[in-house]
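Participant: Below is one structure. I have some questions about it.
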Amino acid sequence: MRAAAGTSLLLFLCVVRLHRSCCDHQEERRNDGNDDVENDTTEAKGGRKQPHIIFILIDDQGFNDIGYHNPSIKTPTLDKLAAEGVKLENYYVQPICTPSRSQLLTGRYQIHTGLQHSIIRPSQPSCLPPNMDTLPQRLRQAGYATHMVGKWHLGFYTKACLPTRKGFDSFFGSLTGSVDYYSYGSCDGPGLCGYDLHDNESVAWGHEGKYSTTLFTQRARKILQSHDPTRQPIFLLLSLQAVHTPLQPPKSYIYPYRGMADVARRKFAAMVSTVDEAVRNITYALRKSGLYRDSVIIYSTDNGAQPFTGGSNWPLRGRKGTYWEGGVRGVAFVHSPLLRRRRRVSNALVHITDWFPTLLSLAGGNVSQSQGLDGFDVWAAISEDKASPRQEILHNIDPLHKAPAPTRTWDRGAGDSLLKGFKKPKKKQQQQKKKKKLLKQKPKQKSAFKLSKSKATKKLYSELKGRLDRSISRASHPKDKAPKPKSRRTASPENNLSWTDNKLQSRLKAKRSPPLTSSSPPTSSDNATPPDGVNKLLESPVWDTSVQAAIRVGDWKLLTGDPGHGEWVPPQVLPTLAGRWWNLERAFPSLRSQKGDKSAKSIWLFNISADPYERCDLSHQRPDVVHRLLARLAHYNRTAVPVHFPPDDPRAHPHQHGGAWVPWIDQDEDQDQGQDRGRGNMAQQKNSKKKNNKCRLCKLKAFFLKLNTGIMSSRI
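Heads up: the sequence shown begins at 109 in the numbering used here, then just goes up one per residue.
Dropping the structure here:
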């Protein structure tokens, strides 16, 4: 009995040992296979997995158009993702579509891509420079599958400009800037309309009647669900057209906002809710396909909102198309399980150009191979709450957009800017004539600011003039020997800094001030001019202040030229019923006069940290900072490439291509044209100019090109 029992026990132990050895062998084979997969999808250094990158780009969503900034907007998914991730509250984009998208994909300022001016319209033969690498191209080299769904708006006149030729493995969406959400029709003027929905490089007919946000989300989910995460990581750019006009939300999304009085605001909010649902479906697809655990989700708008089509940037100043904070400060957050410090708000300075080096470095690519990047790797600032490497932002320099002011250089005294843009009230007859002339030119527009003829206005004018004279007197004499204010007629030429003097012979000398990164607001001593007297601040003109430009260095922000309409538009304001708020929120001395003021203001300076709403212009108090920021603009301008803003090409009309917007120039023809442009020398250019001057047709073409440029300069 005992011998049999011992034999049975020994046999049982042998069977268990054999089973364990088989399991260990299978586990080793499985681990070997997993190790091979890991080697294919890990970075060369650190052995860290390459994350799946999902970039969601929204169109025209303002600072006040998301739930965690404005509870009246219902975005539960976006609020939850942002709360669990990192909210970027010091994040900047460009004020219009094309520049933001170009800087996202190239990592370079628009002065380095030739896209400084306006947008790329459907009929223009323009796109991203062919010799410039893009983010999807570099990610593809790092082993990524790259896909784009949604709005392109970076040019398509030749096939070399299409998304599939710029680094994306697949593309499904529209090529122009704005399409109908149901019919996918896009227009570039009266009678220039065509179908704009493309699948890779072919027209995607037959999708009429399907809501574009839903259609794009379905394609993005299909891409995520069919992707094999063990084979390679994925980069998906979901570029929704929402919430851009036309305002076409499905009716079921409007009902929750039925209490909003402004119809445009009601529809806009409903479209934001469609975006929230789209993001919820994308995150669900990520979890279902097993990609979420190793993913980085980035949510960003491309520019500020347009208040009079339903959007809101409140309490920021300005709107889409302007360089005020409302036009360039964007809504953004990062959600990822890979973040080391989550559930927080980041005030690190981040710009849309920073995504190129940040995501490329995160993917294990070599950032140094891309020359001339203007972006910085800000992942440590986002993930670990470290200091941002970015200290300044060039918003733009647009040499084609010039203000009509006659003064071309910054040669005004510090106190003179106090009364810039403010003119003495004119006679009643002259004001009526100018008013009639303005109404004839622009019958549908109202004057942005009308000078009152009341006694209060005259009193304000005299107070401002007296304040200016007293500040000049204190600046020119010590406190203990300060004389009484002199009149304009008896003032000495050296101290004659009256508000009407546009050609000052001397400038106020700036005292030593804190560095540009100082965040402290100006003190009372900053408001006074140094007691050294009146001296030259600038030896020579630094910058043409009529040129539209904007720059931020540290906490200081400088704007020159015409930055755009600078209103603060409260939410829920009916655009056709501007009430008392309209006059209260106008920038009284800051905006250009709409009545033909030749001494229009062309310089603004703000401390954004102390004054994020841009209500206190410090240009007259801190001429030293103005001078240094103008010098930075001049430095950047020396690196700028020429503006590429060609005239419309009639060959682009959709009626010549079956009713759709498609590339209309062959690649060989485009290369020949480029060689011809680069082959001519200076002598040939001079000869061609002489011939063009003699040619009436050429003169006519030049006239319409100039007219078109002027129209697009003021277009938002």
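All C-beta atoms, glycine included, are put in the ideal place defined by N, C-alpha and C.
So, is residue 179 buried or exposed, given that buried needs 16 or more other C-beta atoms within 10 angstroms?
Facilitator: Exposed is the call here.
Participant: For the ligand GTP, I want to know if residue 385 counts as a neighbour, meaning its beta carbon is within less than 7 Å of at least one of the ligand's heavy atoms.
Facilitator: Looking at this structure, you won't find the ligand GTP or any other ligand, since it has none at all.
Participant: Could you tell me which whole alpha helix (DSSP H) segments of length 4 or greater appear in the region 325-376?
Facilitator: As far as the region 325-376 is concerned, its whole alpha helix (DSSP H) runs of at least 4 residues are 359-362.
Participant: My parser needs the alpha helix (DSSP H) runs of 4 or more residues fully inside the region 421-501; what are they?
Facilitator: The region 421-501 contains these whole alpha helix (DSSP H) runs: 433-436, 463-470, 487-491.
Participant: Could you please give the first and the last residue of the uninterrupted beta strand (DSSP E) stretch that includes residue 404?
Facilitator: Taken as a continuous stretch (DSSP letters only), the beta strand (DSSP E) holding residue 404 covers 403-409.
Participant: Which residues does DSSP list as the beta-bridge partners of residue 276?
Facilitator: Looking at the DSSP assignment, residue 276 forms no beta bridge with any residue, so it has no partner.
Participant: Identify the continuous beta strand (DSSP E) that holds residue 656 and give its terminal residues.
Facilitator: 655-661 is the span of the beta strand (DSSP E), which, as asked, contains residue 656.
Participant: Report buried or exposed for residue 306, applying the criterion of at least 16 other Cβ atoms within 10 angstroms of its Cβ.
Facilitator: The residue is buried, with at least 16 neighbouring Cβ atoms inside 10 Å.
Participant: Less than 8 Å between the C-beta atoms of residue 418 and residue 372, yes or no?
Facilitator: Result yes, Cβ atoms of residue 418 and residue 372 sit closer than 8 Å.
Participant: Compare the beta carbon distance of residue 727 and residue 711 with 8 Å and say whether it is the shorter of the two.
Facilitator: In this structure, residue 711 lies closer than 8 Å to residue 727 by Cβ.
Participant: Tell me the rounded alpha-carbon separation between residue 355 and residue 476.
Facilitator: Cα to Cα, the separation comes out at about 43 Å.
Participant: On the premise that residue 408 lies in contact with residue 457, defined as a C-beta separation below 8 Å, what is that separation, rounded to the nearest angstrom?
Facilitator: The pair is not a contact, with the Cβ atoms about 15 Å apart (cut-off 8 Å).
Participant: Can you tell me which of 220, 286, 210 puts its alpha carbon nearest to the alpha carbon of residue 875?
Facilitator: Because the chain in this structure spans residues 109 to 824, residue 875 falls outside the shown range and cannot be described.
Participant: Taking 8 Å as the threshold (C-beta atoms), are residue 257 and residue 281 in contact?
Facilitator: In contact: residue 281 and residue 257 (Cβ atoms closer than 8 Å).
Participant: Taking 8 Å as the threshold (C-beta atoms), are residue 341 and residue 252 in contact?
Facilitator: Closer than 8 Å, so yes.
Participant: I'd like to confirm the pairing. Which residues does DSSP put opposite residue 281 in its beta bridges?
Facilitator: Partner(s): 258, 306.
Participant: Going by the CB atoms, is the gap between residue 428 and residue 203 shorter than 8 Å?
Facilitator: Result yes, Cβ atoms of residue 203 and residue 428 sit closer than 8 Å.
Participant: Are residue 830 and residue 174 touching if we call contact CB-CB under 8 Å?
Facilitator: Beyond the ends of the chain as shown, which are 109 and 824, falls residue 830; an answer cannot be given.
Participant: How is the alpha helix (DSSP H) around residue 188 delimited, first residue to last?
Facilitator: Segment 184-192, the alpha helix (DSSP H) holding residue 188.
Participant: Below 8 Å between beta carbons: does that hold for residue 505 and residue 657?
Facilitator: Result yes, Cβ atoms of residue 505 and residue 657 sit closer than 8 Å.
Participant: Which residue's Cα is closest to the Cα of residue 444: 718, 753, 189?
Facilitator: Minimum Cα distance to residue 444 is reached at 189.
Participant: Going along the chain, which residues of its own chain have a beta-carbon closer than 7 Å to the beta-carbon of residue 357, five neighbours each way excluded?
Facilitator: So the qualifying residues of the chain are 375, 378, 379, 382.
Participant: Just verifying my parser: in three-state terms, what is the DSSP assignment at residue 163?
Facilitator: Strand.
Participant: Could you tell me how far apart the beta carbons of residue 413 and residue 170 are, in whole angstroms, since I believe they sit closer than 8 Å?
Facilitator: Between residue 170 and residue 413 the Cβ distance is about 3 Å, and since that is below 8 Å, they are a contact.
Participant: Between which two residues does the alpha helix (DSSP H) holding residue 214 run?
Facilitator: Element bounds for residue 214: 205-214.
Participant: How far does the alpha helix (DSSP H) with residue 243 in it reach, from first residue to last?
Facilitator: Looking at the DSSP string, the run of the alpha helix (DSSP H) that includes residue 243 is 243-249.
Participant: May I have the straight-line CA-CA distance separating residue 163 from residue 733, to the nearest angstrom?
Facilitator: Going by the C-alpha atoms only, they are around 37 Å apart.
Participant: In terms of residues, what are the limits of the alpha helix (DSSP H) holding residue 738?
Facilitator: Element bounds for residue 738: 731-745.
Participant: List the whole-angstrom C-beta distance separating residue 410 from residue 167, where the pair is believed to meet the contact cut-off of C-beta under 8 Å.
Facilitator: Indeed, because the Cβ distance is near 6 Å, the residues count as touching under 8 Å.
Participant: Are there 16 or more other CB atoms within 10 angstroms of the CB of residue 367, so buried, or fewer, so exposed?
Facilitator: The residue in question, residue 367, is exposed, as its Cβ has fewer than 16 Cβ neighbours within 10 Å.
Participant: Span of the beta strand (DSSP E) holding residue 294?
Facilitator: Unbroken beta strand (DSSP E) run through residue 294: 293-295.
Participant: Give me the Cα-Cα distance between residue 333 and residue 397, rounded to the nearest whole angstrom.
Facilitator: Taking the straight line joining both Cα atoms gives about 5 Å.
Participant: If we call anything under 8 Å between Cβ atoms a contact, is residue 464 one with residue 215?
Facilitator: A contact, by the Cβ cut-off of 8 Å.
Participant: For residue 325 and residue 678, I'd like the C-alpha separation in whole angstroms.
Facilitator: Roughly 32 Å separates the two Cα atoms.
Participant: State the DSSP-derived secondary structure class of residue 199, mapped to helix, strand or coil.
Facilitator: Reduced to three states, the DSSP call for residue 199 is strand.
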